[in-house]
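**Q** Here you go, one structure.
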Amino acid sequence: MLVFEQARTGRINAAQSVKKDNVTNIIPEQFKRKTRPLLPEISEMQAVRHYTRLSQKNFSIDTHFYPLGSCTMKYNPRACNQLSMLPGLLNRHPATPDSNSQGFLACMYDLQEILKDVTGMHEVSLAPMAGAQGEFAGVAMIRAYHDAQNGGKGDPARTEILVPDAAHGTNPATATMCNFKVKEIPTNSDGDVDIDALKAAVGPQTAGIMLTNPSTLGVFERKIKEIAGIVHDAGGLLYYDGANLNAILGKVKPGDMGFDVIHMNLHKTFSTPHGGGGPGAGPVGVSKRLEPYLPVPMVVENEGEYHVVTEKSRSQSIGRLSAYMGNAGILLRAYIYARMLGSEGMQRVAEYATLNANYMLAVMQKSGFEIAYPERRATHEFIVTLKKQAKDLGVNTMDFAKRLLDYGFHAPTTYFPLLVPECLLIEPTETETKQELDDFMRAMIAIQKEAETEPEIVKTAPHSLPVRRLDDVKAAKELDLVWQSE
Amino acid sequence: MLVFEQARTGRINAAQSVKKDNVTNIIPEQFKRKTRPLLPEISEMQAVRHYTRLSQKNFSIDTHFYPLGSCTMKYNPRACNQLSMLPGLLNRHPATPDSNSQGFLACMYDLQEILKDVTGMHEVSLAPMAGAQGEFAGVAMIRAYHDAQNGGKGDPARTEILVPDAAHGTNPATATMCNFKVKEIPTNSDGDVDIDALKAAVGPQTAGIMLTNPSTLGVFERKIKEIAGIVHDAGGLLYYDGANLNAILGKVKPGDMGFDVIHMNLHKTFSTPHGGGGPGAGPVGVSKRLEPYLPVPMVVENEGEYHVVTEKSRSQSIGRLSAYMGNAGILLRAYIYARMLGSEGMQRVAEYATLNANYMLAVMQKSGFEIAYPERRATHEFIVTLKKQAKDLGVNTMDFAKRLLDYGFHAPTTYFPLLVPECLLIEPTETETKQELDDFMRAMIAIQKEAETEPEIVKTAPHSLPVRRLDDVKAAKELDLVWQSE
Amino acid sequence: MPFIPHTEEEVKSMLEVIGVDSIEDLFDEIPAALRSEGLTKVPEGLTEMEIGRIMRARADQDTYRLCFAGGGAYEHHVPAAVWEITTRGEFYSAYTPYQAEASQGTLQLLYEYQTMMASLTAMDVSNASLYDGASALAEAVLMAVRANRKSKSKRILMPRTVNPAYRKVAHNIVHNQGIVLEELDYDVNSGVIDINSLPDELGDFTALVIPQPNYFGSLEEVDALTDWAHQHKALVIAVVNPMSLAMLKPPGEWGGVDSDVVGADITCGEGQPLGIPLSSGGPYFGFMCCRQAYVRQMPGRIIGRTVDLDGKQGFSLTLQAREQHIRRSKATSNICTNQGLLVTAATIYMAIVGPYGLENTAAQSHSNTQLLMSELEQLNGVQRIFNSANFHEAVFKFDLPLDDVIRSLAAQGIVAGIRLEDDYPELGNCLMVCATETKSEDDIKSFVQTLKTTLTRLQAAACPVQPKMA
Amino acid sequence: MPFIPHTEEEVKSMLEVIGVDSIEDLFDEIPAALRSEGLTKVPEGLTEMEIGRIMRARADQDTYRLCFAGGGAYEHHVPAAVWEITTRGEFYSAYTPYQAEASQGTLQLLYEYQTMMASLTAMDVSNASLYDGASALAEAVLMAVRANRKSKSKRILMPRTVNPAYRKVAHNIVHNQGIVLEELDYDVNSGVIDINSLPDELGDFTALVIPQPNYFGSLEEVDALTDWAHQHKALVIAVVNPMSLAMLKPPGEWGGVDSDVVGADITCGEGQPLGIPLSSGGPYFGFMCCRQAYVRQMPGRIIGRTVDLDGKQGFSLTLQAREQHIRRSKATSNICTNQGLLVTAATIYMAIVGPYGLENTAAQSHSNTQLLMSELEQLNGVQRIFNSANFHEAVFKFDLPLDDVIRSLAAQGIVAGIRLEDDYPELGNCLMVCATETKSEDDIKSFVQTLKTTLTRLQAAACPVQPKMA
Ligand SMILES: Cc1ncc(COP(=O)(O)O)c(C=O)c1O
Ligand SMILES: Cc1ncc(COP(=O)(O)O)c(C=O)c1O
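Protein chains in written order, with the working numbering: chain E, 1 to 486; chain H, 1 to 486; chain L, 1 to 470; chain W, 1 to 470.
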C-alpha cells in the first residue's frame, strides 16, 4: 500500500510539529501558497512502520551477496557511518569559518594525501560528487588544458575523445557534456584495446582517451604503456576511469601507467554506501600539468592549519561543481575506511578481490559455464556469457538473473559491457567468504539444470519476491510517475 | 543457519581486535584459560548480515500491529532512543561523582516528580528494573512495614497476601519470594472482586492484597474504595500492580483509590521498548507511611543541586535491588516520552487507548464474537472468548492466534487471564489507527469463516512465516539449549 | 585482516582450484615495471577503536553553540526516526535498483518521493534526484536548451539573486557546450529583480531562471517574471527552497496573469532542508520537476508504477532510454549514481512531518527571522539593507569591519552568518543571517546580545582613546 | 496529538459504533469521586525538537574526558555495528517471544547467546538473562537453596571480596526467605580469600560464592575454593566478569584437584562488559549458567531448539513450567520481563569480536592496568595495597584525603576511580582504579600526570607555610 493510501485528512504528528505560538507571518498575500501539498497525513508510527516494511523488500549488502560487476558491492563498515555522523561533524554548517573547522578540514586534507598516494597522481581534489561528475571534471580539465595551449590561444582542432567500445555509458555521455565528439575504439578478442585501430584513430583532432583499467571486461589492459605513448605522441591526454580501482589498490598506480587524470569512485573502492542509488563521491587526481585546472574547493595545510582554497586563489580551476565541498559526509566515510585499512590493508583489498574473482572463474568454468575471456586472468571481476543457453534453451541472461533472486542472491550485472552477448559481469569483492561464493555457484549450477529440465520456472522467475517479474514496457509506455488520489 | 555454522577457524576481524603490541601478561599459569571459547569466528559483515536477516524474522511494533493484552505494545518514539543515547549520557560511568552528573540526575529527579503526580503517591523510587522487581520492592516494603509495627517488635502473624484469581503470575510469585503465603480471591461474574469472599478472607493474618486496576480482565474494579476499606480495616496494605496504568493515565490516580504502594511498568505505559523480552523499568510509588522503606538509590534536590541518596542515609530502606540505579537508560527514555506527552498528552493516552478498545469490543461483538464481560465497559483492553469455536468447530484460541500471524497481525494475549476459557486479551493501545483496528477485525472475521468452512487451514497455521507451527513438547522433552558442533 | 574473511586454509584451497601458487601470481598480467613499490603516505591500519578516538577528537574540535548561517544550507530539526530508518542496512547498503523485483522497497519509496515533490512544487512530474541544488540548476539549464525548440539562442537569463555558488556551478558545467548565462542585476533597494529591468528588446533567450526566495531571502515577483518569460518564448526555470513551498506559491502555479501559460517549466533546487543534516555541505540532494511534456528531456532516474506477471502493482526504473547506460553519448546527462539515500531520508521526513509539520516549520522559521531582524535593527552600527518581503533570511550591513565581527563571534561559538562581499563586491561588510525553527527566542536574544557586546568591544578597540566626557 | 493518530472524524464514527456521545462517557464505570483533577507536576508537552534541546544540554553537562572507574561497570570499545543492529525496530520494539513463529529472529539469537555463554563459562546450559549481575547473584543464591538437596541450612558463605553492591542486593532479596549470607573475610595482604580461613568446623553451608576476579580485581584461588565447597557438600556459585573469561580459567573447569567434582555449579555475573554502554549503570544484563542437572531450578527464560510441522529447525521458549506465568506462586522466580535487548547487543558483540577479539580486549585491559599500576607506584603518597595477581583493577591507598583528590580530578574531567571506604571501612582513603583497552598509553600517562600535579597542589595547600629552605 502506498503511504498516501494510509493517510487521513487532519492527522497531525504533534511531536514533530513546531508550535505556532506567536508566529509572525508577514508574507504578502500574492506570494502565498493557497492549497496544502499532498504530503501524507499519517502518524509517526505509521511512517516508521511503512518505511521499515518497505526496507525489508530490498536486497542489500547487509542482507545478501550482491556480486554486481563494476559496482564493487562490498561491506560498508558501520563505523564509517557512526563516526561520520558524530554531532560535531553532522551539525557543521558549510559556512563555518576555517578556524572552527580544523577537525573536519584535517580529515579532508588527510584524505587528499591518501588518494594521491594510492593513485600515484600529483594532486587530488575531492570536489566531484560521483564517478560521472569526476569524469566531467576530468574531461573539462582536458578541455581547459588544450584551451591553454599555444600561449593561451588554445588548440581548437582537438574535438574528439576516444572511448573503447567496452566503456561504461558515463564515459561517452561525459565527453558529450564537455562538447567533444566520441570516437569508439574496438576491443580485441583477448579483451585488450585494438592497438592498430587506436593508431588509426589518433591524430591532431584527439583531445584524449578515456580508459578503464582493469577494463569493464574484467581484464587488465596489458599494453597500457604503449597506448599512453600513442595518445601522448598525438598530443592527447589520458583519462582513467577509476571505477575498477578496487582490483589494483596499492598494487599498481594509475599515475605510473601514464594517465594524466583519473577519477575514483569512493562508493566502490572506499566502501561508502550505495544508498539505493547514491550518494557517491568521485574525487579526481591529476598529473602535474593538469594541476592548475583542478576543481575547487581543495584543502591546503599551512603551518599546521588547514584552509579551504577556492576559485579566488585558483584562477585556472575549472571551478566548483557543487555549492559546497561535494559529498562531504561521504568523504568522511571514505577517510575512516582508508584509515582502518591502512597501507597494507589497501593492498590486501586488491589481492583478495582478485583471488575471489579468479576462484569463481575457475569453478564456473569447470562447471561448464562459458567464460568470455577464458585465456585471461580475471581481475576483481569476470564475465560469463550465457549465449549458448539463450540459443539452445531459450533461457537468457535476464532469466538467470531473476532466478538467482529466488535463490537468495542478487544478480550480477547483466548485459554490460554491451559487446559481450548475454553476459553476466560477476564481481564478488574481497569481503565475501569462500562459503558464500560456493553457495552462489551452486545456485548457478542448479539454475542451469532447471534451464535444461524445466525452463519455465527460470523464464518466469522470480517466484518468491514481493512481486513477480515486472512489466517494464508498460511502465515506459503508460507513464505513471506520480500517484493521484482516485 | 546458526551463526556457528558460518564460522571458520582462524577468521579474525582485525578492525575489532585490539592490537596486542607490548602486551604485558602476568597472570599466573594456574589462573589461565587453556582453550578458546566457542565464539563464532566470522567476519564483521557476516555478523551484520546474519543478525540483520534474523531481525527480519521478528514481528514488532515497528512492523506489525501487536495487540498483546496486558503488554501495552504502543509506538516507542525513536527520539527516546536517540536522545537517551547521546554520548554524554551513554558514556557516563555509574561511579561518576554527583558534581559531574547533574544533567543525568536532573532527569531522574524530574521523572520521580512526574511519576508522583500521575500516581498520586507520596514518594517514588526508580530503582526496580521491571514490573516484577517493582512488585518485589512493594511487597518487601509491606513486609518491612509490618515488621516495624508494635514498636519494632513486628506483626509476625501477617503471613498472607491476597491475590485475585485473575492476577498476573508475577503477583503470586512475588508474594512467595517475600515468603508470604498466597490466598486467591475469586472474581464475580461481572469481573469485579468477590467482596464477600474478600471479607471472609481478610484477618489478622493478612499482610496485604495485590490488585491490578483496571484488572487483567479489562474492567475497572468499581468497588475499589470498599476493598481498600476492608483490607485496611483488617490491618493489611494495598498493593497496586501498575501494568494497566495506560488505561487511566491522568484520569484516576492509584493513590486516590487508597493504595499504599504501586509499581509502574514504564516499558508499557511510558513506552520504553520491549526489546524482545526486556529491559523494562518498574518504579515504585508509596503512600506516606511506606516512604521510609523505599528502595535506594533515589535522587533528591537541594538548592538546585541533585544528589543520590543511598542506604547510608535511608536506614529503613529495603535497600538496593540492583548494583547501580536500575535500568537508568530506560528511565531516560521514559522521561523523554513523558515530557513529550506532557500533562494533557498523558490524559489523552488513557482516552484514546480506551476509545480504541471499546470500539473494537463493539465491532467484535456485532460481528458475532463472544465478549467475556459484555455488560462492562472495556478499559484499554477487553477479552474475547472462543470457547464456542473450540467446542463446535474444534478450532481453539491458539489456532486463531497462529492464523492471525498469516494475516500480518501479531496475536493478542492467549489463555490469560486463566479464569476465562479460550480467551484472547486484546489491547490495541492509543497509537494504532482506526484503519489498523478495522483491518485486524476483518482478519478475525475471515478466520472465523475459515474455521467454519476449512478449519484445517486454521488448525495448521501459520503457513507464511519463517517456520510453521513449532513442536513445544519436543522442545521441553528433548532439551536442546546449546548448540554442539556435530 | 580488516574486512577480509579468508582463512589461510581457504586461501590455499582457492589457489589450488585456480592452479596458481600464490595470490601474487594472479597479478602476472600486469607489466612488472608498473607494479608499485607500496604506499608511502598511507599510514598503518587502525582498529575501529583507534579511528574512533581520532574522529571523536576531531568532531569535538568543530562543535559550536549556535549557527545563524543559511545561504542554501539550513539547520532544521530532523526527527530521530528519519535517520534511524534511513540507515537501516536494506536502504543504506543497496545499489541502484536495477533488479526491480529485489528493490521494491527503494523503488516504491522513490515513487512516493516523486509524488510528494510534484505536489510540493505543483509540477507534473519529478525525477529521483540529482547531486545537489547547484548542479541541478546546471542540469536544468541543459534541459531547457534541449526542451525549448522555439529558441536556438543557448542564452539563459540568470539573475544575480540566484545563489552565487549555483551560478558558478551552472556556468562551469554548461559553458563547455557554448551555453551563455547572462547576468541580470537586482534592484539595490529591494534586493529583488526589477521587472522593468528585463531586457525586452534584447530578444531570444532560452530560459529565465527565477529564484524564490532568492539568495538574499527576498521574495521575487514570480508571477510577473514567469509571464514575461513565457511571453518571450523563454522557458522558466524555478529555483526554490522546498521548505519555503509550505508557505509560498509553488512554481507550478506561477504566472498565468498576463500569459496563457501557467507555471514554471522546470523546477529545481536543493533538497537539504527536508531532513538532511548540515554535514559540512553534503551529501545533500538536488531535486528536479517539470511539465509532463518535457519528461523525456529530464536527466536522472525516474521511477514508474507498473504491474507484475500477476497484474500486481510494482515499481521499476523507467524511461531508461534517456540515460547514459542505454543512450551513451546521446543521453540527457552523464549522471549515474545520484543521491538516493538522501532522498530516502527526505521522503521519510516529509511523511513524518506531513503537510502541517512542514507548514509550521516554515512559518516558525519565517517568524524567528522576523524576530531576529527586529532585534538586530535595534543595534547601533547595523542596518538592514533590502526592504522587500522575505522568507527566512535577511541582509545587514555593519559599520565595523565584518571579518572582525565574524571571527570574534566564532571564537565565542557562534557562526554569525554569511559574508556577502566575495560574491557581491557591492555588498561590502554585509552579513546574511537566518533563524530557523531550531532557534528559541533565547537563542536569538543571546546571539544579539553577544553581537552587541562584541560590537561595543570592537568599537572600543577601534577608538582606544575615549573622549573624556562623551 | 503526540503519538495519537485519530482524526476528529474518526473519533466521531468510533463513538457512534460504541454508542456513546463522548470519550468521557467511556470512563463512566469509574466512581466519580476517584476522578482526578488533572496533573499538576507534569509540565506541558514538548515537541521532539524541544525535548532534544533539553536533553542535549543535559548530556553535554555530564561529559568527561577520561574514566578510570570500574568496580563492576567497564568502559570497553563497542563496535558500531552492535547497536546499529540492536536498535533495528524488529529487535527493539518486539515483545517477549511468546508467539514463537513470529519471533524466530529473537529466539534464534537467544539460542546462539546461550551457546556462547555456556562455552565462555564452560558450563552446560545458560538462561536468556536476568536483570543485572547483582540480582543474578540473588537468584543464584535462591536457586542454590532449591538445588542443593543435601543441605537444609539456608546459609551461604559470602566472601567480602564479592562486589559489595551485589552482596547488598542479594541480602535484600534473599533475607525475606530466611536465607543468611555469612560473610567471609579476606586476607589483608593479598586481598583474596585465605583458604585456611575457611570455616572447616562450622558445618553445613548451602553454597559458597566465589568471585573471579574479585571486587578488588584480584584473582582468587578458585580451584582450592571450589574443591573445598564440594568436599563440604556446598554448591559453588561463581560470580565472574565474562570479559575476563577470555583469559581466565572458566568456572566450569574450576577445581577437581582435591575433589571428584569439577566446576562451579552455578555461574552468574554482569554481562555489561560484552558490548553494553556504561549508561549510568543500566540497562545491563545478568547472566546465569549452570549444570544440566539443575536446569529445572534455573530462573528466567530458556530457549530450546525444536522442529516445526515440516520437521524444519525452529526455536521456542521452553521449560516454561518453571516460570511465574505457568507455575505462579511456585515458580523458580517472579522474573518476567528480562534484559533481552542487552543480550541482543551482547550476542552481536561476541559474534563480531569473536574469540580472538575478546581475548585481545581482555589482554590489553590487563596490560593497561599493569602499566597504570607501575606508573602510580612511582607517585609519592600513593601505595598499592594488595600483592596478589590481578586482572584489570587494582587498589591504591592515598596519604592525602581521597575525597579532595577525587573532587579535584572530577573538576578536571577525570573520573578517578572508586572510593572503597563506604563499603570497606578498613580501606579508608583507598581508591580502586581500572584501565581497559580503551585507554591509550597517553591517556594513562595524562591521568597519572594530572594526579601528580593535583597531589602536589593539595599537599601545598595542606601545609600553606613552607619551611623556608626545604
Ligand atoms: C566503469 C564505470 N565508470 C563510471 C561509473 C560512473 O560512476 P558513478 O555512478 O559514481 O557516477 C561507473 C559506475 O556505475 C562504472 O562502473
Ligand atoms: C498485569 C501484569 N503485572 C505484572 C507484570 C510484570 O511486569 P514485568 O514483566 O515488567 O516484570 C506484567 C507484565 O508482563 C503484567 O502484565
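Heads up, the beta-carbon is just placed ideally off N, CA and C, and yes, glycines get one too.
Take Arg160/L as the anchor and find which of Ile23/L, Ser153/L and Lys168/L has the nearest alpha-carbon.
**A** For the residues Ile23/L, Ser153/L and Lys168/L, the minimum Cα distance to Arg160/L belongs to Lys168/L.
**Q** Quick check on the DSSP output: the alpha helix (DSSP H) that includes Gly314/W runs from which residue to which?
**A** Here Gly314/W belongs to no alpha helix (DSSP H); instead the beta strand (DSSP E) covers Gln313 to Leu317.
**Q** Which one or two residues does DSSP pair with Tyr240/H in a beta bridge?
**A** Note: Tyr240/H sits in a beta bridge opposite Leu211/H and Ile262/H.
**Q** Taking C-beta to C-beta, are Pro286/H and Ala363/W nearer than 8 Å?
**A** The residue asked about is misnamed: residue 286/H is Val in this sequence, not Pro. No; because the gap between Cβ atoms is not below 8 Å, this pair is not in contact.
**Q** Using a beta-carbon distance below 8 Å, is Asp62/E in contact with chain H?
**A** Interface residue, yes.
**Q** Pull every residue with its beta-carbon under 6 Å away from any heavy atom of ligand 1, and keep them in chain order.
**A** Residues flagged by the Cβ proximity filter: Ser70/E, Ala130/E, Gly131/E, Ala132/E, His168/E, Thr170/E, Thr212/E, Thr216/E, Asp241/E, Ala243/E, Asn265/E, Gly280/E, Gly282/E, Cys336/L and Thr337/L.
**Q** Going by C-alpha to C-alpha distance, which of Phe259/E, Ser55/E and Ala443/E sits closest to Lys288/E?
**A** Checked all of Phe259/E, Ser55/E and Ala443/E; the closest Cα to Lys288/E is Phe259/E.
**Q** By Cβ distance, which residues of its chain are closer than 8 Å to Ala15/H, with the 5 residues on each side in sequence left out?
**A** Counting only Cβ-Cβ distances below 8 Å, and skipping sequence neighbours, we find Glu44.
**Q** When you compare the CB positions of Gly269/W and Val239/W, do they come within less than 8 Å of one another, or not?
**A** Yes, these two residues count as a Cβ contact at 8 Å.
**Q** Does the Cβ of His267/H lie closer than 7 Å to at least one heavy atom of ligand 2?
**A** Because some heavy atom of ligand 2 lies under 7 Å away, the Cβ of His267/H counts as near it: yes.
**Q** Going straight from the alpha carbon of Gln56/H to that of Ser55/E, what length do you get?
**A** For Gln56/H and Ser55/E, the distance between alpha carbons rounds to 10 Å.
**Q** Are there 16 or more other CB atoms within 10 angstroms of the CB of Cys289/W, so buried, or fewer, so exposed?
**A** Under this definition Cys289/W is a buried residue.
**Q** Using the beta-carbon of each residue, which ones in chain E are nearer than 9 Å to Phe3/W?
**A** What Phe3/W touches in chain E: Asn13, Ala14, Ala15, Ser43, Glu44 and Met45.
**Q** Going by C-alpha to C-alpha distance, which of Ile426/H, Phe220/H, Gly250/H and Thr433/H sits closest to Lys116/H?
**A** Nearest C-alpha to Lys116/H: Gly250/H.
**Q** If I'm right that Gly131/H touches Thr450/W with Cβ under 8 Å, what's the distance once you round it to whole angstroms?
**A** Not confirmed; about 44 Å, so no contact.
**Q** Beta carbons nearer than 7 Å to chain H: which residues of the stretch 80-98 of chain L have them?
**A** The residues in question are Ala80, Ala81, Glu84 and Gly89.
**Q** In chain order, what residues of the same chain lie with their CB nearer than 8 Å to the CB of Arg230/H, ignoring the 5 residues before and after it?
**A** In the sequence under discussion, the amino acid at residue 230/H is Ile, which differs from the Arg named in the question. The answer, listed in chain order, is Ile195, Leu198, Lys199 and Val202.
**Q** Since Ile114/H meets chain W, which of its residues come closer than 7 Å, beta carbon to beta carbon?
**A** Ordered by position in chain W, the residues that pass the 7 Å Cβ test against Ile114/H are Lys41 and Val42.
**Q** Measuring only between beta-carbons, confirm whether Met49/L sits less than 8 Å from chain B.
**A** This model lacks chain B altogether; the protein chains it does include are E, H, L and W.
**Q** Should Val395/L and Cys430/L be called a contact, given that it needs their Cβ atoms to be closer than 8 Å?
**A** Their beta carbons are under 8 Å apart, which means Val395/L touches Cys430/L by this criterion.
**Q** Give me the Cα-Cα distance between Ala357/E and Thr379/E, rounded to the nearest whole angstrom.
**A** Rounded to the nearest angstrom, the two C-alpha atoms are 7 Å apart.
**Q** Do you know how far the Cα of Thr272/E is from the Cα of Ile276/W?
**A** Distance between the alpha carbons of Ile276/W and Thr272/E is about 27 Å.
**Q** So, does the stretch 26-42 of chain L touch the stretch 76-87 of chain E, judging by three or more C-beta pairs under 8 Å?
**A** With a cut-off of 8 Å, the stretch 76-87 of chain E and the stretch 26-42 of chain L do not count as touching, because too few Cβ pairs lie within range.
**Q** When you compare the CB of Lys366/H with every CB in chain L, is at least one pair closer than 8 Å?
**A** Chain L, which has no Cβ nearer than 8 Å to the Cβ of Lys366/H, makes this no.
**Q** Can you tell me where the alpha helix (DSSP H) with Ala138/W in it begins and where it stops?
**A** Segment Gly133 to Ala147, the alpha helix (DSSP H) holding Ala138/W.
**Q** Within the 8 Å Cβ cut-off, does Val118/E reach chain L?
**A** So yes, Val118/E belongs to the interface.
**Q** If you check the beta carbons only, do Lys181/E and Leu162/E fall under 8 Å apart?
**A** No, Cβ-Cβ distance for Lys181/E and Leu162/E is not below 8 Å.
**Q** Quick one: is Thr340/W near chain H, going by C-beta distance under 8 Å?
**A** It is Gly, not Thr, that sits at residue 340/W in the sequence shown. Interface residue, yes.
**Q** Answer with yes or no whether the minimum CB distance from Thr7/W to chain L is below 8 Å.
**A** Not closer than 8 Å to any Cβ of chain L, the Cβ of Thr7/W fails to qualify, so no.
**Q** Which residue comes first and which comes last in the alpha helix (DSSP H) that contains Val222/L?
**A** Unbroken alpha helix (DSSP H) run through Val222/L: Val222 to Gln231.
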